[in-house]
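Residue numbers for the sequence shown, in our numbering: 234 to 425.
As structure tokens, the structure follows; a few thoughts come after it.
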Amino acid sequence: MKNIAVFCASSPKVPEIYFEDARKVSASLVKAGYGIIYGGGGAGLMGAVADEALRYKGCIKGIIPGFMVDVEWEHKDVEDMVHVETMHKRKELMVQQSAGIVALPGGTGTLEELFEVMSLKKLGQYPHPIVVLNTGGYYDGLLALTSKMVEERFMRPVHNEMWTIVNTPEEVVPAIKNAKPWGEDSIRFAAL
């Protein structure tokens with residue numbers, strides 16, 4: 234079974250549309266036969282992803298730093314839960330054990346995870362699909378920024394092909410399955 238790492242928000246206060254889409258993405262991943270690796274939280278979009286995967290009897294693995302366990306952020310019903318020391322180790326394991334990334338809307342933590350994996354892909358260190366769910370235009374500003382990076386030659390145009398942007402949960406699984414191949418040789422044009 235291939236695992237997809239899901240990066241997303243832990244805040245329980247975001248608008249309901251983000252929860253709805255998180256649940257739909259989780260259900261569609263499970264129905265398509267993917268396992269889910271996520272940040273181990275029980276609240277926010279993280280909790281919604283986990284709850285939906287459990288509801289559909291999917292395979293879900295949480296990876297959570299000990300300090301988050303100490304403040305009781307850990308999802309209590311996810312049996313496959315790995316405790317690590319740092320946020321860095323959490324992200325490292327999520328990336329290493331995944332065959333694709335799905336980024337749902339989130340805050341600085343989600344953006345940090347997404348940008349690190351994009352940097353790894355740019356350097357030929359992560360060949361797998363990266364899919365970003367742009368619910369309600371949430372990531373429009375990020376798309377404008379990466380377009381500006383290309384326009385100002387901080388990145389090549391091909392680097393905006395490292396990821397697939399979708400607007401609905403129903404597009405996520407097809408985007409994973411149809412992602413453009415990305416090889417280790419991409420490091421040859423990473424800095425040009």
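The C-beta atom is built at its ideal place from N, Cα and C for all residues, glycine as well.
#1: Give me the DSSP bridge partner(s) of E492.
#2: Spatial neighbours of E346 within its chain, please: C-beta separation below 7 Å, excluding the five flanking residues on both sides.
#3: Buried or exposed, going by whether 16 or more other CB atoms sit within 10 Å of the CB of T341?
#4: Looking only at DSSP bridge pairs, what is G295 linked to?
#5: Which stretch, first to last residue, makes up the alpha helix (DSSP H) that contains A255?
#6: Assess, as a yes-or-no matter, whether the segment 272 to 289 is touched by the segment 382 to 398 under the definition of 3 or more beta carbon pairs within less than 8 Å.
#7: Would you say H361 and I334 are within 8 Å of each other, going by their C-beta atoms?
#8: State the Cα-Cα distance for the pair S244 and M388, rounded to the nearest angstrom.
#9: Please tell me whether M234 has its Cβ less than 8 Å away from any Cβ of chain D.
#10: Could you tell me how far apart the beta carbons of I270 and Q330 are, in whole angstroms, since I believe they sit closer than 8 Å?
#11: Does DSSP put T319 in a helix, a strand or coil?
Reading it off the structure:
#1: No statement about residue 492 is possible, as the shown extent of the chain runs from 234 to 425 and does not include it.
#2: Correct list, in chain order: F240 and K324.
#3: Exposed, by the Cβ-count rule.
#4: Answer is Y271 and M314.
#5: Residue range E249 to K264 is occupied by the alpha helix (DSSP H) that includes A255.
#6: By the Cβ test, the segment 382 to 398 is not in contact with the segment 272 to 289, since fewer than three Cβ pairs between them sit closer than 8 Å.
#7: With contacts defined by Cβ atoms closer than 8 Å, H361 and I334 form a contacting pair.
#8: Pairing S244 with M388, the inter-Cα distance amounts to about 32 Å.
#9: Within the model displayed, chain D is absent; a lone protein chain is all it includes.
#10: About 6 Å; that satisfies the 8 Å criterion.
#11: For T319, the three-state secondary structure derived from DSSP is coil.
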